[in-house]
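There are 4 protein chains.
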Amino acid sequence: MPKSPERCEEIRASMRNKILHESMLYFSKNGFSGTKMSDLAKHIGIGQGTIYVYFQSKEELFQEIHKMINREKDIKQVKVLASLPIPAKRKIHKLTKDVLLQLEKDDRFAGTIALNTQMLLEQDEDYSAGTTYQSELYTYMAKIIEQGQKEGSVVSGNPLKLADYYWGVVYLYALKKLFTIKYEMISAEDLERTVLK
Amino acid sequence: MPKSPERCEEIRASMRNKILHESMLYFSKNGFSGTKMSDLAKHIGIGQGTIYVYFQSKEELFQEIHKMINREKDIKQVKVLASLPIPAKRKIHKLTKDVLLQLEKDDRFAGTIALNTQMLLEQDEDYSAGTTYQSELYTYMAKIIEQGQKEGSVVSGNPLKLADYYWGVVYLYALKKLFTIKYEMISAEDLERTVLK
Amino acid sequence: MPKSPERCEEIRASMRNKILHESMLYFSKNGFSGTKMSDLAKHIGIGQGTIYVYFQSKEELFQEIHKMINREKDIKQVKVLASLPIPAKRKIHKLTKDVLLQLEKDDRFAGTIALNTQMLLEQDEDYSAGTTYQSELYTYMAKIIEQGQKEGSVVSGNPLKLADYYWGVVYLYALKKLFTIKYEMISAEDLERTVLK
Amino acid sequence: MPKSPERCEEIRASMRNKILHESMLYFSKNGFSGTKMSDLAKHIGIGQGTIYVYFQSKEELFQEIHKMINREKDIKQVKVLASLPIPAKRKIHKLTKDVLLQLEKDDRFAGTIALNTQMLLEQDEDYSAGTTYQSELYTYMAKIIEQGQKEGSVVSGNPLKLADYYWGVVYLYALKKLFTIKYEMISAEDLERTVLK
DNA sequence: CATGAATGAGTATTCATTCAT
DNA sequence: TATGAATGAATACTCATTCAT
């Protein structure tokens, strides 16, 4: 009895995802050149060759991970938040609460962020890809900040620069979470103070 | 006729330092596994073999760089500042101004900081060394923060955690300076807001 | 579908042995420092990397070869011979005949002996291992010699020293066989004369 | 006051000889490829560069050592001995006594012999050089053996082959002397028995 | 499909040789 | 002349990738 084609496809997709997710975490901890394919395979619990059934090369795997990251990261939330008819201060409260919660709970969130560092640290060329997305996230954040400045709740200064500061701190604590044994997460108040008066 | 021993020693020391400093910058930009010894030598402008006259291996060179960093990083400034009989707010102003100036001017300052990331990202064992020092830097900063809390100029919260936040942001912008083509440095006000009310 | 584990193990063992045997002959002809891993691999007919799948380093391979040699060298024959109830002279005749036959036929026998020279010539530390074994071979030979001295067929003198002389000559002709284009093997009579009257 | 040219020449010759002799011993213990020029220089107690003042290359040094060896080795003794009007047995007694004495006393004698092994083990091409000389030594020895066979004091067999056997044993004990910590030298009787009845 | 043994291009390291002092 | 620091070609070793099973 041959497997049904759909079932087959399903199995393929699930293995591909497994590799993608585990690799993301592994790469985020060890960097691109710091990761050996043999170690990665062992870590995932599969044979070395198996990775090459799903991905053409280490390079491609790394890029696919980034595509996945950018797909997952939900900009939507910020986008929606930006256009809601509520004070900027509340928007920032809400965003901060959500971000810290996600950071706390989801390993992948921290991994995602760490990988962007790796990108920054190791790759010079494919640089643009990661930045593209970020700018969008930053844009919406900047809108909220601008609103807050008008409302008097946010400090003055270039909104984009402030947005970048806010996300930079998020990124900083994502790294700390991933790489430090015991680290106290930043408090909502401290994080908000990057932009709130 | 043998070369004069003193002169010889002098040459050796100067070459060793040259390798150490140049390597620091190179490693900080490319990471440990991302650095090829042949490229490094070319970058320094010496033969590959020369590095091995002074260091046993890539690994050892990397460790010696870290020893050097920890020796150089001057805690003194913060130490002295902490014990001055002036308001904490002024101390933080002074410190912030100095740190941002150094960050702006001295490549090595940013390099030093970036290397600590590499350490964190790539090496698991020799981790402690770097942390030891940091805690001292953090301790003095925490003292200033504590003083500020009493004086009412600094936000409430665990002083050490706040010190860590402050230095974390410094570290974040050091990375940005090293790895981003055009980046606006954080302003003194924004940096101070990590701890000041 | 994974390969069957048994078959896999079998393949590994056979490749390991192939490398071990071929390397033994190659090292014995070229010495340790005279052997390049790339040449060795080419000579065996495998990729350079393959050797490192089975052995950690050139050094380790060399040591494993010696372990193998000491396992293979059959002391048993001499041991059995020593305890047989026949005249020493006949034992020596038998032994000499066998040894010369093996020397003539089996390349590995000569290789084994040549490698012990290499050991002697190049390695200072791991020296003991080889010697341990030899002393056993020498002990049994010495017993036969002692018996012969009582029977009047063997020359007088320290039996161990005479045993060492006998095996030394065997060793000498093993070297000659390996390294000289055309060499006449020693005759049984000449070899026996080291100890027989 | 400039040094007199003769004195200068004298100094040069003496340094050259020092290098030559020490190198001979060092090469004989470590082999050609097993010898590092830096180690050799340290062993001699001079700078690495100094060797290159006197010899063009490692290769040339090695060859010069061989030339020196062949110059030193006194074939004369055997040559003279061969033509004396005394019984072969006495010639062999005399030769054996002299050879063992020299082996006992003079390190260079053993070194010389060991180097011929190295030659055999490592160099395929320059092979002829060493052999040329040996054949002369062997020829005269063979003459003595032939005389002994006529006189009935020497065993029958190809005289050259027997000469080779005799010198082979000498060579064997030279190696033992060089490479074994405590080794009992072969006795004159044992050595003579290679050829004497 | 899944595997892990085999591979060789690529990288770290050594060592004979040069050369400024 | 004597030196030893500097060099790069040669060599040991690694690791992404392939492929027979």
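As you go down the protein sequences, you meet chains A, B, C and D in turn. Positions -9 to 187 (the numbering used here) are the ones given, in order, by the first sequence. Positions -9 to 187 (the numbering used here) are the ones given, in order, by the second sequence. Positions -9 to 187 (the numbering used here) are the ones given, in order, by the third sequence. Positions -9 to 187 (the numbering used here) are the ones given, in order, by the fourth sequence. All C-beta atoms in this analysis are idealised placements derived from N, C-alpha and C, irrespective of residue type, glycine included. Treat the numbers as computed from the prediction; the structure is a model and nothing was measured.
query: Should T86(C) be flagged as near chain D, meaning a C-beta pair shorter than 8 Å?
result: no
query: With distances taken from CA atoms, which of G37(A), K166(A), R183(A) and G101(A) is nearest N60(A)?
result: G101(A)
message: Mapping the DSSP letters down to three states, classify L74(C) as helix, strand or coil.
response: coil
Nearest candidate by alpha-carbon position, reference V160(D), set H11(D), T170(D) and S177(D): S177(D)
query: Any idea what DSSP makes of V68(A), helix, strand or coil?
result: helix
- prompt: How many Å lie between L91(B) and Y128(A) at the Cα?
  reply: 27 Å
query: Of all the CB atoms in chain B, is at least one closer than 8 Å to the CB of D97(A)?
result: no
field: Alpha-carbon to alpha-carbon, E50(B) and K84(C)
entry: 60 Å
- request: With a threshold of 16 other CB atoms inside 10 Å of the CB of N188(A), please say whether the residue is buried or exposed.
  value: Nothing about residue 188(A) can be reported from this structure: the residues present for chain A run from -9 to 187 only.
Nearest-angstrom Cα separation, counted from F99(D) out to N7(D): 16 Å
message: Counting only C-beta atoms, is D29(C) closer than 8 Å to chain D at any point?
response: no
- prompt: At least one CB of chain B closer than 8 Å to the CB of L162(A): is that the case?
  reply: yes
- request: Return the CA-CA distance between G158(A) and A164(A), expressed in angstroms with no decimal places.
  value: 10 Å
message: So the candidates are F17(C), A3(C) and K187(C); which of them puts its Cα closest to the Cα of V43(C)?
response: A3(C)
- prompt: How should K133(C) be labelled, buried or exposed, when 16 other C-beta atoms within 10 angstroms of its C-beta is the threshold for buried?
  reply: buried
query: Near T86(C), which residues of its chain fall below 6 Å by C-beta distance, leaving aside the five closest residues on each side in sequence?
result: A178, L181 and E182
query: Using a beta-carbon distance below 8 Å, is R183(A) in contact with chain B?
result: yes
- request: Could you tell me which of D96(D), Y130(D), V68(D) and Q46(D) sits nearest to H11(D), measuring between CA atoms?
  value: D96(D)
task: Closer than 7 Å by C-beta to K48(B): which residues in its own chain qualify, once you throw out the five before and the five after it? Chain order, please.
output: M27
message: Buried or exposed, going by whether 16 or more other CB atoms sit within 10 Å of the CB of I191(A)?
response: Nothing can be reported for residue 191(A): it is not among the residues displayed for chain A, which extend from -9 to 187.
field: Own chain, CB closer than 6 Å to E115(B), minus 5 neighbours either side, in chain order
entry: Because E115(B) carries a pLDDT of 45, less than 50, the predicted location of this residue cannot be relied on, and the following value inherits that uncertainty. Taken in chain order, the list of residues that qualify is empty.
task: Taking K32(A) as part of the alpha helix (DSSP H), name the residues at either end of that continuous run.
output: M27 to I34
- request: Using three-state DSSP, classify V43(D) as helix, strand or coil.
  value: helix
task: Compare the Cα-Cα distances from L162(D) to each of S146(D), Q137(D), N106(D) and G138(D) and report the closest residue.
output: N106(D)
task: Let me know if G142(A) comes out buried or exposed under the rule of 16 or more other beta-carbons within 10 Å of its beta-carbon.
output: exposed
- request: Residues of the segment 135 to 153 of chain A with a CB closer than 8 Å to any CB of chain B: list them in chain order, please.
  value: V145, G147, N148, K151 and L152
message: Contact criterion: CB-CB distance below 8 Å. Does I34(D) meet it with respect to chain C?
response: no
message: Once the 5 residues before and after K79(C) are set aside, which same chain residues still bring their CB inside 6 Å of it?
response: S143
message: List, in chain order, every chain D residue whose beta-carbon is nearer than 8 Å to that of Y16(C).
response: The contacting residues do not exist; Y16(C) stays about 13 Å from chain D at best.
field: Burial state of T170(D), where buried means 16 or more other Cβ atoms lie within 10 Å
entry: exposed
query: Can you tell me whether I1(A) is buried or exposed, with buried defined as 16 or more other CB within 10 angstroms of its CB?
result: exposed
- prompt: When we look at the beta-carbon of V89(D) and count the other beta-carbons within 10 Å, is it buried (16 or more) or exposed?
  reply: buried
- request: Look up V159(A) in the DSSP assignment and say whether it is helix, strand or coil.
  value: helix
field: 7 Å Cβ shell around F17(A) - same chain, five flanking residues per side excluded
entry: T25, F52, I55, L105 and Q108
- prompt: Roughly how many angstroms separate the alpha carbons of K166(A) and L150(B), rounded to a whole number?
  reply: 15 Å
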